[in-house]
Amino acid sequence: MPATATTSVRGQVRDRDWWRQAVVYQVYPRSFADSDGDGLGDLRGVTEHADHLASLGVDAVWLSPFYPSALADGGYDVDDYRDVDPRLGTLEDFDEMVATLAGHGIVVIVDIVPNHTSDRHAWFGEALRAGPGSPERARYLFRDGQGPDGDLPPNDWESVFGGSAWQRVEDGQWYLHLFAPEQPDLDWTNPEVREDFQRTLRFWGDRGVAGFRVDVAHSLVKDMTEPYLATDALPDEFLDHGRHPFWDRDDVHEVYAGWRRVFEEYDPPLMAVAEAWVATERRARYASPEGLGQAFNFDLLESTWDATSFRQLIAANLDLAAESGTSSTWVLSNHDVVRHPSRYGLPQGLRGEVCDPWLLSGGAEPRLDRELGLRRARAATMLSLALPGSAYLYQGEELGLHEVADLPDEVLQDPTWFRSGHALKGRDGCRVPLPWTLDGSSFGFGADGAHLPQPAWFGELAVEAQETDPDSTLTLYRAALGLRRELQGPEELTWHRPDGDVVHFERPGGWHSVTNFGPLPVELPDGSVLLSSAPLEDGLLPPDATAWLIAG
Ligand code: NOJ
7 MPATATTSVR GQVRDRDWWR QAVVYQVYPR SFADSDGDGL GDLRGVTEHA DHLASLGVDA
67 VWLSPFYPSA LADGGYDVDD YRDVDPRLGT LEDFDEMVAT LAGHGIVVIV DIVPNHTSDR
127 HAWFGEALRA GPGSPERARY LFRDGQGPDG DLPPNDWESV FGGSAWQRVE DGQWYLHLFA
187 PEQPDLDWTN PEVREDFQRT LRFWGDRGVA GFRVDVAHSL VKDMTEPYLA TDALPDEFLD
247 HGRHPFWDRD DVHEVYAGWR RVFEEYDPPL MAVAEAWVAT ERRARYASPE GLGQAFNFDL
307 LESTWDATSF RQLIAANLDL AAESGTSSTW VLSNHDVVRH PSRYGLPQGL RGEVCDPWLL
367 SGGAEPRLDR ELGLRRARAA TMLSLALPGS AYLYQGEELG LHEVADLPDE VLQDPTWFRS
427 GHALKGRDGC RVPLPWTLDG SSFGFGADGA HLPQPAWFGE LAVEAQETDP DSTLTLYRAA
487 LGLRRELQGP EELTWHRPDG DVVHFERPGG WHSVTNFGPL PVELPDGSVL LSSAPLEDGL
547 LPPDATAWLI AG
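Here you go:
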């Protein structure tokens with residue numbers, strides 16, 4: 007019998023919908039806290055800092071991969087889905103972490119990576135040894151190459167990290183890897199693959215996790231019918247619904263229907279949130295109650311700092327969530343994108359998906375207005391925390407950390423850096439280990455350095471530095487999360503001021519959130535101001551700020 011998952015969120019017995027308006031804090035374990043001084047964060051580091059998470063007031067922790075891994079892609083290259091990387095701890099450490107967090111009313115969500123294993127996974131070794139045509143190879147997507155000697159890749163598809171999506175092995179065959187070569191793609195038409203993942207879901211469900219974050223949920227099913235489409239003939243993944251050969255194919259939902267049956271074996275059922283970079287309207291199927299149940303909405307994260315855009319995206323996502331029977335998610339930062347204070351402090355026309363132009367090798371730090379960026383980030387965070395649905399926070403955003411854009415080339419770890427021929431710096435700048443103390447080795451991250459170097463300015467943003475400062479970003483997050491818990495009611499929202507530079511909405515109970523995106527201070531509605539992201543000026547809300555009020 008599966009164990010009943012941890013029973014409470016912040017002292018409340020969890021019902022099956024506990025996640026609908028939860029605050030979920032993403033821990034990127036290697037960069038959170040290092041308990042044993044090897045420079046790499048670990049599970050005991052999370053346990054030791056459970057009080058930080060409790061004082062912040064989060065409901066759940068989502069752990070990015072902590073599985074054994076060569077770290078070719080920050081742990082998203084998994085050697086074994088049912089174990090802990092020895093450098094990060096043991097299964098006993100995992101259990102202790104879950105129990106400690108549960109003692110604070112915080113549940114744990116783990117990251118599951120179904121599109122690909124690592125090339126060190128036992129299955130991949132077996133596939134290499136067993137050779138072409140074997141059942142071992144049929145767990146992956148091996149194909150013969152083109153050309154008289156088969157020495158050209160089967161097609162010209164490119165990996166997300168740059169370069170060909172195919173890698174040749176010694177016997178001449180090629181395997182598909184949509185990401186790094188160390189991340190061979192699984193063949194999800196193979197029942198053995200499907201069964202093994204269900205076993206993994208139960209393994210963690212039985213250990214008391216509350217759910218899963220599903221990595222590249224939209225990529226599992228591929229149309230491998232030959233002849234393949236050439237890259238320049240590939241349909242646009244966001245426009246050609248369901249017809250792209252490897253993104254967002256309709257059949258992928260059969261996989262998740264099977265997972266749903268596993269989730270429902272638990273009480274309350276396990277939850278899941280899909281990472282699916284698909285067109286907004288295609289997100290509904292991933293988020294449906296028959297599927298994973300929830301999906302990340304990255305729309306705000308991709309938006310420039312603009313009232314009209316925020317208003318439209320919020321309205322569209324609330325409608326979509328309601329239609330698909332789920333709650334919306336709100337995300338401003340994660341381990342894959344430039345931290346939101348930096349995004350908002352860059353010239354707003356500049357940014358691409360993850361501000362790549364800024365992070366070109368030799369990227370131009372001076373173009374960043376740090377103060378403006380943080381001011382807007384605080385406003386955006388308060389806005390998003392007032393919305394109906396769940397909020398996903400990324401470690402360090404509660405400290406107002408900026409991206410570390412000037413990491414020296416020789417420390418970069420992201421495959422994007424290597425596979426772009428050192429043109430793009432990639433995502434290491436948002437993964438620099440957290441500062442806990444004002445000074446000391448790695449600002450309290452660990453006893454002996456950090457696996458990515460922290461800049462000198464990290465010290466003044468450390469937890470210790472912000473803890474007792476009434477104006478700090480940490481104090482703002484704690485206050486906002488506390489109020490949110492008190493004020494949170496039904497998943498409803500009423501708009502005020504439907505256009506212009508002010509985004510103003512009301513939640514049940516008279517909870518107003520007002521954000522000023524414009525250049526001049528604006529009036530607030532009547533009521534008591536509960537919290538503001540910047541001091542009011544003569545009772546007016548200044549530019550780039552959010553205030554919460556109770557009407558009356
Ligand atoms: C999405 C993850 O968030 C990212 O970090 C990773 O590189 C890719 N999936 C591949 O697993």
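Numbering (our numbering), first residue to last: 7 to 558. Glycine included, every Cβ here is placed at the ideal spot set by N, Cα and C. Bear in mind that the values here come from a model prediction, so they are computed numbers and not experimental data.
Sorted by chain position, which residues of the same chain lie with C-beta nearer than 6 Å to residue i's C-beta, five sequence neighbours on each side aside?
{"i": "Ser539", "result": "Arg384, Ala385, Met388, Ala551 and Thr552"}
{"i": "Glu132", "result": "Glu142"}
{"i": "Ser294", "result": "Ser330"}
{"i": "Leu77", "result": "none"}
{"i": "Trp501", "result": "Phe511"}
{"i": "Arg382", "result": "Trp311, Tyr350 and Asp550"}
{"i": "Pro496", "result": "Pro514"}
{"i": "Leu97", "result": "Val90"}
Give the secondary structure of residue i by DSSP, where H, G and I count as helix, E and B as strand, and everything else as coil.
{"i": "Ala3", "result": "There is no way to answer for residue 3, as the model of the chain reaches only from 7 to 558."}
{"i": "Arg357", "result": "Note on Arg357: pLDDT 48, under 50, position unreliable in the model; the coordinate value appears next. Residue state, collapsed to three classes: coil."}
{"i": "Gly351", "result": "helix"}
{"i": "Pro372", "result": "Residue confidence is low: Pro372 scores 49 on pLDDT, short of 50, so the model does not pin down where it sits. Its coordinate-derived value is still stated next. It is helical."}
{"i": "Ile118", "result": "strand"}
{"i": "Phe424", "result": "helix"}
{"i": "Gly51", "result": "helix"}
{"i": "Glu543", "result": "strand"}
{"i": "Asp99", "result": "helix"}
{"i": "Tyr4", "result": "Given a span of 7 to 558 for the chain in the structure shown, any question on residue 4 remains unanswerable."}
{"i": "Thr106", "result": "helix"}
{"i": "Asp454", "result": "coil"}
{"i": "Pro548", "result": "coil"}
{"i": "Gly178", "result": "coil"}
{"i": "Asp191", "result": "strand"}
{"i": "Ser334", "result": "coil"}
{"i": "Trp501", "result": "strand"}
{"i": "Val535", "result": "strand"}
{"i": "Val417", "result": "helix"}
{"i": "Arg88", "result": "coil"}
Would you mind reading off the limits of the beta strand (DSSP E) that contains residue i?
{"i": "Tyr31", "result": "Val29 to Val33"}
{"i": "Trp283", "result": "Counting along the chain, Trp283 falls outside any beta strand (DSSP E), and DSSP gives it neither H nor E."}
{"i": "Gly299", "result": "Gly299 to Ala301"}
{"i": "Gly264", "result": "Note, Gly264: premise wrong, no beta strand (DSSP E); alpha helix (DSSP H) at Val258 to Phe269."}
{"i": "Phe511", "result": "Val508 to Arg513"}
{"i": "Ala397", "result": "Ser396 to Tyr400"}
{"i": "Thr123", "result": "Note, Thr123: premise wrong, no beta strand (DSSP E); not H, not E."}
{"i": "Phe218", "result": "Gly217 to Val220"}
{"i": "Thr521", "result": "Trp517 to Asn522"}
{"i": "Ala66", "result": "Ala66 to Leu69"}
If you drop the 5 nearest sequence neighbours on each side, which residues of the same chain put their C-beta closer than 7 Å to that of residue i?
{"i": "Ser75", "result": "Gly81, Asp83, Val84, Asp85, Asp91 and Ser124"}
{"i": "Leu324", "result": "Ser334, Pro394 and Leu499"}
{"i": "His58", "result": "Val469"}
{"i": "Thr443", "result": "Phe449, Gly450, Ala468 and Glu470"}
{"i": "Asp434", "result": "Leu413, Leu418, Gln419, Asp420 and Leu458"}
{"i": "Ile556", "result": "Gly516, Trp517, Gly533, Ser534 and Leu536"}
{"i": "Gly299", "result": "Met277, Ala278, Ala293 and Thr332"}
{"i": "Ser225", "result": "Asn121, Leu184, Phe252 and Trp253"}
{"i": "Pro372", "result": "Any reading at Pro372 must be qualified, since the residue scores a pLDDT of 49, below 50, and its modelled position is unreliable; no value is offered."}
Which first and last residues belong to the alpha helix (DSSP H) in which residue i is found?
{"i": "Leu59", "result": "Ala56 to Leu62"}
{"i": "Leu555", "result": "No alpha helix (DSSP H) contains Leu555, which is instead part of the beta strand (DSSP E) from Ala551 to Ala557."}
{"i": "Gln318", "result": "Ala313 to Glu329"}
{"i": "Arg1", "result": "It is not possible to answer for residue 1, since the shown part of the chain is limited to 7 through 558."}
{"i": "Gly153", "result": "Note, Gly153: premise wrong, no alpha helix (DSSP H); not H, not E."}
{"i": "Pro197", "result": "Pro197 to Asp212"}
Excluding the 5 residues preceding and the 5 following residue i in the sequence, name in chain order all residues of the same chain whose CB lies nearer than 8 Å to its CB.
{"i": "Pro527", "result": "Glu543, Asp544, Leu546, Leu547, Pro548 and Pro549"}
{"i": "Phe100", "result": "Leu49, Phe72, Val90 and Arg213"}
{"i": "Met7", "result": "With a pLDDT of only 33 at Met7, under 50, the local geometry of the prediction cannot be trusted, and the value read off the model is given with reservation. Excluding sequence neighbours, Met7 sits near nothing in its chain."}
Cβ contact check for the stretch 204-218 and the stretch 226-245: 3 or more pairs under 8 Å: No: fewer than three Cβ pairs fall under 8 Å.
The stretch 323-338 touching the stretch 389-409, judged by at least three CB pairs closer than 8 Å: yes
Segment contact, 8 Å Cβ cut-off, at least three pairs: the stretch 138-154 with the stretch 246-261: no
Heavy atoms of the ligand NOJ versus C-beta positions, residues under 5 Å: Asp79, Tyr82, Phe185, Asp221, Val222 and Asp342
The stretch 409-416 touching the stretch 472-491, judged by at least three CB pairs closer than 8 Å: With the cut-off at 8 Å, the stretch 409-416 and the stretch 472-491 do not touch.
Three CB pairs or more closer than 8 Å across the stretch 423-435 and the stretch 521-530: no
Stretch-stretch touch, CB-based, cutoff 8 Å, three pairs: the stretch 308-318 with the stretch 504-516: yes
Three or more C-beta pairs below 8 Å linking the stretch 46-66 and the stretch 297-311: no
Stretch-stretch touch, CB-based, cutoff 8 Å, three pairs: the stretch 100-117 with the stretch 169-179: no
Contact between the stretch 108-121 and the stretch 154-172 (3+ Cβ pairs under 8 Å): no
Contact the stretch 280-292 vs the stretch 22-37: 3+ CB pairs below 8 Å: Because the criterion of three Cβ pairs below 8 Å is not met, the stretch 280-292 and the stretch 22-37 do not touch.
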